[in-house]
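Heads up: the structure comes next, in structure tokens.
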Amino acid sequence: MLTIAIIGRPNTGKSTLFNRLVGRRVAITLMEPGTTRDRIIQQGEWLNRKFWVIDTGGLVTAAQTPIEKEIEIQVELAIQEADISLLLVDAREGLNPVDTAIADRLKRRKTRFLLVVNKLDNPQSNIRESEAAEFYKLGTDRLFPISAEHGLGVDDLLDYLFAQFPESPSAERHEEIRLAILGRPNVGKSSLLNALLGEYRAIVHEEPGTTRDTVEATFELEGRAYRIVDTAGIRRKSRVEAAIEYFSVLRAIRTIYDADVAILVIDVRAGVAVQDKHIASLIAEKGKGLVICANKSDLLSEDALEPVRDWLREVLPYIRYVPIVFTSAKEQRNVQEVVRAASKVCEQGRKRVSKNDLKELLPAFQAAPPRRGAEVYAVKQTGDSPPAFKLSVTNPKVINDAYLKFAERVIRGRFGFEGYPLRIRVSR
-13 MLTIAIIGRP
-3 NTGKSTLFNR
7 LVGRRVAITL
17 MEPGTTRDRI
27 IQQGEWLNRK
37 FWVIDTGGLV
47 TAAQTPIEKE
57 IEIQVELAIQ
67 EADISLLLVD
77 AREGLNPVDT
87 AIADRLKRRK
97 TRFLLVVNKL
107 DNPQSNIRES
117 EAAEFYKLGT
127 DRLFPISAEH
137 GLGVDDLLDY
147 LFAQFPESPS
157 AERHEEIRLA
167 ILGRPNVGKS
177 SLLNALLGEY
187 RAIVHEEPGT
197 TRDTVEATFE
207 LEGRAYRIVD
217 TAGIRRKSRV
227 EAAIEYFSVL
237 RAIRTIYDAD
247 VAILVIDVRA
257 GVAVQDKHIA
267 SLIAEKGKGL
277 VICANKSDLL
287 SEDALEPVRD
297 WLREVLPYIR
307 YVPIVFTSAK
317 EQRNVQEVVR
327 AASKVCEQGR
337 KRVSKNDLKE
347 LLPAFQAAPP
357 RRGAEVYAVK
367 QTGDSPPAFK
377 LSVTNPKVIN
387 DAYLKFAERV
397 IRGRFGFEGY
407 PLRIRVSR
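All letters in the sequence shown, in the order written, are residues -13 to 414 by this note's numbering.
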């Protein structure tokens, strides 16, 4: 599958073009240089042909700060991954020395790239071409004048790309399990992603909130395909001050909707905070599978692990059904166990119980009726992922929350459904 990297200096519209190519708003786009830090990878489709697009952070001539140096590493990795790069420049600002430096670097390395001139909003292609003419000084034989914001010229760019890279037969892939890494800032989410992938994909830095966008990757473990998303740390609303962080948190929350299983990373040194409880309840509310990743466990003794496990279940009582895996992402300890646990949770969520097996639960329900004069006379599974059930009761009005919790214990005691919330409704 064709892989395209979008590179350039800050604020040329890389994320806007990325969003345009993938057909939805994925990358954060604000008029703040350096908004995109990590490589953001998403799939797009053009004329029934799928392709990968990598958005990158803005390059500067001489990286000085730690974050600028990390961004430069990420851009280099994106160029290596891609079949072709799009060097995006800003027509409104004109030719910039940084554009020249980037183009010279690409030519010295003999990297295949196309020059794309952005922010040309005239609908007539010949006028856009004329307005972009000065960028031929970068030494390219052809350029593509576009407006990423309005979509002008983007179709011509895609047509040219696919003409240069004819489609090759792709290997059949198994259905992917979609995982989301969630948690408060600086608990080791990006370190976990890097350890799983065995490569330096997400920026790992001691500055809380380093990951701003969601960072996607695919990998295989024991013959099974996974798509994993690392998200920005979710903070309490009172701590979300800047617009950039607000959109990062919003993106992380939306990631929950797209996941099969969420991996909630907790720093065992810091313990469980109110925000961890909020994230866990949000995952359950959205009906998603969950695995607790108790990270930085290298700082605990072996004797402390079980007491900590018991304590976690004590402070998170509403997720007693969730597996807990102790990891050290820094030392790459037990990271694959997190994925194995998530795979089992996914299978549990998709499980369907036969009618005959459900009938076997009736004696347990009838032995502890919800109230005198009321009786559960049928149980039916109505959905999966999350598992959903209907209790048929002679008098549904007497069913209270305590009885629904009892019904959940009965169902889990027989069928498990580890890691997933259960949905139980009652009717006559």
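C-beta: ideal position from N, C-alpha, C; glycine also.
Return the CA-CA distance between Ala(-9) and Arg91, expressed in angstroms with no decimal places. Rounded to the nearest angstrom, the two C-alpha atoms are 15 Å apart.
So does the segment 170 to 180 actually touch the segment 208 to 218, counting three or more Cβ pairs closer than 8 Å? yes
Is it true that the CB of Cys279 sits closer than 8 Å to the CB of Thr313? Yes. Within cutoff.
Can you tell me whether Glu317 is buried or exposed? The criterion is at least 16 other CB atoms within 10 Å of its CB, across all chains shown. exposed
What three-state label does DSSP hand Arg138 in the structure shown? One detail in the question is off: residue 138 reads as Leu in this sequence, not Arg. In the three-state scheme derived from DSSP, where H, G and I count as helix and E and B as strand, Leu138 is classed as strand.
Bridge partner(s) assigned by DSSP for Ser267: Paired residue(s): none; Ser267 is not in a bridge.
Which two residues bound the contiguous beta strand (DSSP E) that contains Ile(-10)? Thr(-11) to Ile(-7)
Helix or strand or just coil, what does DSSP make of His160? Only weak support is given to the placement of His160: the predicted model assigns it a pLDDT of 46, under 50, and the value that follows is read from those uncertain coordinates. Correct three-state label for His160: coil.
Leaving out five residues on either side along the sequence, give the residues of the same chain with a beta carbon under 8 Å from the beta carbon of Arg255. Lys282 and Leu285
Under the assumption that Phe151 contacts Asp69 (Cβ atoms under 8 Å), give the Cβ distance between them as a whole number of angstroms. 6 Å
Taking just the CA atoms, how far does Ile265 sit from Leu182? Using only the alpha carbons, I get a separation of about 22 Å.
Among residues of its own chain, excluding the 5 on either side of Pro355, which ones have a beta-carbon nearer than 6 Å to its beta-carbon? Glu361
Tell me the start and end of each unbroken alpha helix (DSSP H) in the segment 100 to 146 that is at least 4 residues and wholly inside, in chain order. 111 to 117
Applying the 10 Å Cβ sphere with the 16-neighbour rule, what's the burial state of Asp289? So Asp289 counts as exposed.
N- and C-terminal bounds of the alpha helix (DSSP H) containing Arg326: Val321 to Arg336
Between the C-alpha atoms of Leu344 and Val412, what's the straight-line distance to the nearest angstrom? 15 Å
Might you give, ordered along the chain, the residues of its own chain that have their beta carbon closer than 7 Å to the beta carbon of Ala350, omitting 5 neighbours on each side? Cβ within range, chain order: Val396.
Ala229, DSSP secondary structure in three states: Note on Ala229: pLDDT 47, under 50, position unreliable in the model; no value is reported.
Neighbour-count burial assignment, Leu33, 16 or more Cβ in a 10 Å radius: exposed
Reducing DSSP to helix, strand and coil, say where Ala175 ends up. Before going on, a small fix: residue 175 reads as Lys here, not Ala. In the structure shown, Lys175 sits in a helix (DSSP, three-state: H, G or I).
Check whether the Cβ atoms of Leu129 and Ala89 lie closer than 8 Å to each other. no
Return the chain-ordered list of same chain residues with a C-beta closer than 8 Å to the C-beta of Arg213, the five sequence neighbours on each side being excluded. Glu162, Ile163, Arg164, Leu165, Glu202, Ala203 and Thr204
How far does the beta strand (DSSP E) with Gln29 in it extend, from its first residue to its last? Ile26 to Trp32
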